[in-house]
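Those sequence lines, one after another, are chains D and W.
Using our numbering, the final residue of the first sequence is 486, and nothing's skipped along the way.
Using our numbering, the final residue of the second sequence is 486, and nothing's skipped along the way.
Yeah, the Cβ is synthetic: ideal placement off N, Cα and C, and Gly gets one too.
A quick note: this is a predicted structure, and the numbers were derived from the prediction, not measured.
In what follows, a structure is listed as structure tokens, so that the remarks can point back to it.
There are 2 protein chains.
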Amino acid sequence: MKKHKLPKGFLANGIHCGVKKKRKDLSLIYSEVPCKIAVLFTRNVVKAAPVILAEKQLEKNKKIRAVVINSGNANCMTGTRGLKDAKKMVHTMAGILGVGKNEVLVSSTGIIGEYMNMSPVINGMKRLAKGLSGEGIEDAADGIMTTHRFRKMVSRTFTAGGKKIQMTGIAKGAGMIKPNMATMLGYIMTDADISKKAIKNTLIHTTDHSFNAITVDGDMSTNDTVVLLANGEAGNRRIGEKGKDYEIFLKNLKAVSVELSKMIVRDGEGASKVIEVNVKGAKTPKDAKKTAEAIAGSLLVKCAVLGGDPNWGRIASSAGSSGVKFNPDKMEIILDGIVFFKRGKAHKSFNRKKISVFKDKKVKILVDLHQGKCTATVFSCDISKKYITLNSYYTT
Amino acid sequence: MKKHKLPKGFLANGIHCGVKKKRKDLSLIYSEVPCKIAVLFTRNVVKAAPVILAEKQLEKNKKIRAVVINSGNANCMTGTRGLKDAKKMVHTMAGILGVGKNEVLVSSTGIIGEYMNMSPVINGMKRLAKGLSGEGIEDAADGIMTTHRFRKMVSRTFTAGGKKIQMTGIAKGAGMIKPNMATMLGYIMTDADISKKAIKNTLIHTTDHSFNAITVDGDMSTNDTVVLLANGEAGNRRIGEKGKDYEIFLKNLKAVSVELSKMIVRDGEGASKVIEVNVKGAKTPKDAKKTAEAIAGSLLVKCAVLGGDPNWGRIASSAGSSGVKFNPDKMEIILDGIVFFKRGKAHKSFNRKKISVFKDKKVKILVDLHQGKCTATVFSCDISKKYITLNSYYTT
Chain D
91 MKKHKLPKGF
101 LANGIHCGVK
111 KKRKDLSLIY
121 SEVPCKIAVL
131 FTRNVVKAAP
141 VILAEKQLEK
151 NKKIRAVVIN
161 SGNANCMTGT
171 RGLKDAKKMV
181 HTMAGILGVG
191 KNEVLVSSTG
201 IIGEYMNMSP
211 VINGMKRLAK
221 GLSGEGIEDA
231 ADGIMTTHRF
241 RKMVSRTFTA
251 GGKKIQMTGI
261 AKGAGMIKPN
271 MATMLGYIMT
281 DADISKKAIK
291 NTLIHTTDHS
301 FNAITVDGDM
311 STNDTVVLLA
321 NGEAGNRRIG
331 EKGKDYEIFL
341 KNLKAVSVEL
351 SKMIVRDGEG
361 ASKVIEVNVK
371 GAKTPKDAKK
381 TAEAIAGSLL
391 VKCAVLGGDP
401 NWGRIASSAG
411 SSGVKFNPDK
421 MEIILDGIVF
431 FKRGKAHKSF
441 NRKKISVFKD
451 KKVKILVDLH
461 QGKCTATVFS
471 CDISKKYITL
481 NSYYTT
Chain W
91 MKKHKLPKGF
101 LANGIHCGVK
111 KKRKDLSLIY
121 SEVPCKIAVL
131 FTRNVVKAAP
141 VILAEKQLEK
151 NKKIRAVVIN
161 SGNANCMTGT
171 RGLKDAKKMV
181 HTMAGILGVG
191 KNEVLVSSTG
201 IIGEYMNMSP
211 VINGMKRLAK
221 GLSGEGIEDA
231 ADGIMTTHRF
241 RKMVSRTFTA
251 GGKKIQMTGI
261 AKGAGMIKPN
271 MATMLGYIMT
281 DADISKKAIK
291 NTLIHTTDHS
301 FNAITVDGDM
311 STNDTVVLLA
321 NGEAGNRRIG
331 EKGKDYEIFL
341 KNLKAVSVEL
351 SKMIVRDGEG
361 ASKVIEVNVK
371 GAKTPKDAKK
381 TAEAIAGSLL
391 VKCAVLGGDP
401 NWGRIASSAG
411 SSGVKFNPDK
421 MEIILDGIVF
431 FKRGKAHKSF
441 NRKKISVFKD
451 KKVKILVDLH
461 QGKCTATVFS
471 CDISKKYITL
481 NSYYTT
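The following block contains the structure:
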């Protein structure tokens, strides 16, 4: 099988170092030249040590060379020792790679409140760096997974600024996902040459419609990080803050981010169906998103989807509890293309027990508030007994 | 077995009229004299017809004589026909009881989006009124239940204003409960004589610490209603807006409300344990409540409690995602009396797999933010596979 190639100038690797029992647990993304970077971190007040450290590093240094990521331990609520451990990871990796100490970022994911088992991580770093390759992204994608069922990786090529540009992203999700990137790690690499402002703006914009538009269980994590790295090796005319090239870049970044986000939802712990919640006709974009989030996050709605029950009353109720003002009589509720409520009335005298909805792997909930022109889409998944098992009887 | 008696001047009854297959589905609370009333309704934008109607009635009329409640159908998202049905219930009941049309309120609970099956309700009303009795509160309590496992009823007597006063409350909950009274019905009757302002203030205050301080699944309903009725038949010196009598009344109302709220949580669909979340050391009461709600509402925390897993990282993470600012290093986390995190460190080198917590039917989560002096308590319950079954494969 043909191996997946990284954008020009990027190398990657993933290994099993020993934080976890068997699965890969240490990954490295490396660029042969300094990268421009845009990062979005968790908004949780409780931030993991690597997040605190990375925020500091990025105050001083705007270009980076490498990101090292361990899974199996979140290095969170670990106080000064945790911060020291994160620094040691950075310094050791920088030393091995021969780059500056602020040119390496570290991310962690896994259990909260336990100190890092540092020796396997430190000992594994040489082997990790040695195995770097332009075809190593699959191994890196595997090294950031926890309870996942499949690897999350998306690649696109497009032309902008007169050159062919590649963009490749990997992500980690499953469980504990909700808007605001809960336990979400995402790394997107591109060889595009792009301005500082444009890289930042495009990441903020696309994350709002992708990594921040998904929910698995409503919990928000302490380690969430989305990184966009651009090393300029494609040699294109620099992409600025507007114009056609900017739009092309934005469109492709959005496609990669949305695709990765959908994969995260599809791999929600114990999930069997992806739910696409579309809200139309809201007064403001914020109203649209808030309504969509309330529906997508409702446990009763998730249960209805699992059971194939067109219980649209739950959808109306969750929309109504979002805090957004609207006239319920104007609301329209369409499930998998079937109109259930319109103009103040349940549509015809459906015997809803006989109507089949939510049967496919992908289901659609469309709510039109008929209050304005704004829309939002949020992706979610159903909840199953397996979710309960996974999260009750194992410390994850 | 001795039957439970109502406060002086109150009568009640509950019957099976035929909205549901077998269980009681129609209840009536009646006072021989007009009652002062305080009511709190759902804050959901989608309000059921009886809620919309009652809000209008109470604009005109401040005293009422009766409340009629049906279970099995929420009469919500039923448009003008739903409103007409609710009015017909009020008018018919008022006619039978021989009281004014605005002296009867109606409440409904059950499925959303289906028209009321009116004939059994209307036909049952005469029988309902005929059976009114000073010992009928247990039947009334049964008539408002849906998927409940046990009847929720609390009674207290106390002395205020020189007389013995009784206070008796019934409630309906189970599933779909979160702060702001989701699918919560509560009716508290007292024979106290109390001022208009005092009855309102005491209900607002106590609801904030009881019916609005519980969460089962984070969903908020369209029909929530908490009613406090006072008919003055105890003949006490009128309770005013402050003073000793006010405090005594408040204390007892709080006790009744908290007890009913705990019963609701204990009867959460599929729940096996009641979780008491105490937050201390917050800067403001709002911060304290918001933090407690975030912890109590976290699906991952509920799973941890179900599995008996002292996964305090999830508690830290959910507190941190509440939007409240605090210093995580100062946070203290105590589960069932055992300190797990203090002064920036996991307490000692616990092997947490060997520590037994969350084993009892009542479990305690205490979080001290060490940022101030404000506290809050929120009650919740664990989540189980039974919850998923109850809400996936049956339209409830």
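For residue i, report the span of its beta strand (DSSP E) as first-last.
{"i": "residue 124/D", "result": "116 to 131"}
{"i": "residue 160/W", "result": "153 to 163"}
{"i": "residue 244/W", "result": "243 to 250"}
{"i": "residue 315/D", "result": "315 to 320"}
Using DSSP bridges, identify the partner residues of residue i.
{"i": "residue 457/D", "result": "369/D, 423/D"}
{"i": "residue 197/D", "result": "159/D"}
{"i": "residue 258/D", "result": "245/D, 279/D"}
{"i": "residue 100/D", "result": "121/D"}
{"i": "residue 429/D", "result": "424/D"}
{"i": "residue 305/D", "result": "470/D"}
{"i": "residue 300/W", "result": "Residue 300/W pairs with nothing; no bridge assigned."}
{"i": "residue 253/D", "result": "250/D"}
{"i": "residue 223/D", "result": "102/D"}
{"i": "residue 436/W", "result": "431/W"}
To the nearest angstrom, how far is the alpha carbon of residue i from that of residue j?
{"i": "residue 406/D", "j": "residue 276/W", "result": "23 Å"}
{"i": "residue 169/D", "j": "residue 432/W", "result": "10 Å"}
{"i": "residue 109/D", "j": "residue 251/D", "result": "43 Å"}
{"i": "residue 215/D", "j": "residue 194/D", "result": "13 Å"}
{"i": "residue 419/W", "j": "residue 402/D", "result": "44 Å"}
{"i": "residue 269/D", "j": "residue 293/D", "result": "Here the model assigns residue 269/D a pLDDT of 36, short of 50, so the residue's position is not dependable, and the following value carries that caveat. Whole-angstrom Cα-Cα distance: 15 Å."}
{"i": "residue 463/D", "j": "residue 346/D", "result": "26 Å"}
{"i": "residue 445/D", "j": "residue 400/D", "result": "7 Å"}
{"i": "residue 315/W", "j": "residue 233/W", "result": "16 Å"}
{"i": "residue 182/D", "j": "residue 99/D", "result": "22 Å"}
{"i": "residue 380/W", "j": "residue 447/D", "result": "36 Å"}
{"i": "residue 488/W", "j": "residue 173/W", "result": "The shown model of chain W, from 91 to 486, leaves out residue 488/W, and the question about it has no answer."}
{"i": "residue 271/W", "j": "residue 311/W", "result": "At residue 271/W the pLDDT is 36, less than 50, meaning the model places this residue with poor confidence; the figure from the coordinates comes in the next sentence. Residue 271/W and residue 311/W: Cα-Cα distance of roughly 7 Å."}
{"i": "residue 105/W", "j": "residue 158/W", "result": "11 Å"}
{"i": "residue 368/W", "j": "residue 435/W", "result": "20 Å"}
{"i": "residue 274/W", "j": "residue 356/D", "result": "34 Å"}
{"i": "residue 449/W", "j": "residue 318/D", "result": "45 Å"}
{"i": "residue 410/W", "j": "residue 377/W", "result": "11 Å"}
{"i": "residue 363/W", "j": "residue 452/W", "result": "6 Å"}
{"i": "residue 152/W", "j": "residue 180/W", "result": "16 Å"}
{"i": "residue 116/D", "j": "residue 124/D", "result": "22 Å"}
{"i": "residue 422/D", "j": "residue 156/W", "result": "36 Å"}
{"i": "residue 166/D", "j": "residue 205/D", "result": "8 Å"}
{"i": "residue 486/W", "j": "residue 177/W", "result": "Only weak support is given to the placement of residue 486/W: the predicted model assigns it a pLDDT of 39, under 50, and the question is left unresolved by the model."}
{"i": "residue 255/D", "j": "residue 190/D", "result": "27 Å"}
{"i": "residue 413/W", "j": "residue 134/D", "result": "8 Å"}
Could you spell out the range, first to last residue, of the alpha helix (DSSP H) harbouring residue i?
{"i": "residue 355/D", "result": "334 to 356"}
{"i": "residue 466/W", "result": "Counting along the chain, residue 466/W falls outside any alpha helix (DSSP H), though it belongs to the beta strand (DSSP E) covering 464 to 471."}
{"i": "residue 171/W", "result": "169 to 187"}
{"i": "residue 214/W", "result": "208 to 220"}
{"i": "residue 381/D", "result": "375 to 387"}
{"i": "residue 144/W", "result": "139 to 150"}
{"i": "residue 404/D", "result": "402 to 410"}
Indicate whether at least one CB of chain B lies closer than 8 Å to the CB of residue i.
{"i": "residue 312/W", "result": "Looking at the structure shown, chain B is missing, and the protein chains on hand are D and W."}
Answer yes or no: the CB of residue i versus the heavy atoms of the ligand SAH, is any distance below 7 Å?
{"i": "residue 130/D", "result": "Looking for the ligand SAH in the displayed structure turns up nothing, as the structure carries no ligands at all."}
Could you check whether the stretch 293 to 305 of chain D touches the stretch 127 to 145 of chain D, counting it as contact only if at least three pairs of C-beta atoms, one from each stretch, sit closer than 8 Å?
yes
Three or more C-beta pairs below 8 Å linking the stretch 463 to 479 of chain W and the stretch 383 to 400 of chain W
yes
Members of the stretch 454 to 475 of chain W near chain D, C-beta cut-off 8 Å:
473, 474, 475
Along the stretch 112 to 144 of chain D, what residues have a CB closer than 9 Å to any CB found in chain W?
132, 133, 134, 135, 136, 137
Residues within the stretch 376 to 408 of chain D neighbouring chain W, beta-carbon criterion of under 8 Å:
387, 388, 389, 390, 393, 394, 396, 397, 399, 401, 402, 403, 404, 406, 407, 408
Taking 8 Å as the threshold, find out whether the stretch 277 to 288 of chain D comes into contact with the stretch 312 to 328 of chain D through three or more Cβ pairs.
yes
Can you list, in chain order, the residues of the stretch 199 to 210 of chain D whose Cβ is nearer than 9 Å to any Cβ on chain W?
201, 202, 203, 204, 205
Under 7 Å, CB to CB, which of the residues in the stretch 415 to 432 of chain D have a partner in chain W?
415, 416, 418, 419, 431
On the three-pair Cβ rule with 8 Å, is the stretch 254 to 265 of chain W touching the stretch 338 to 353 of chain W?
yes
Between the stretch 210 to 222 of chain W and chain D, which residues of the former have a C-beta closer than 7 Å to a C-beta of the latter?
none
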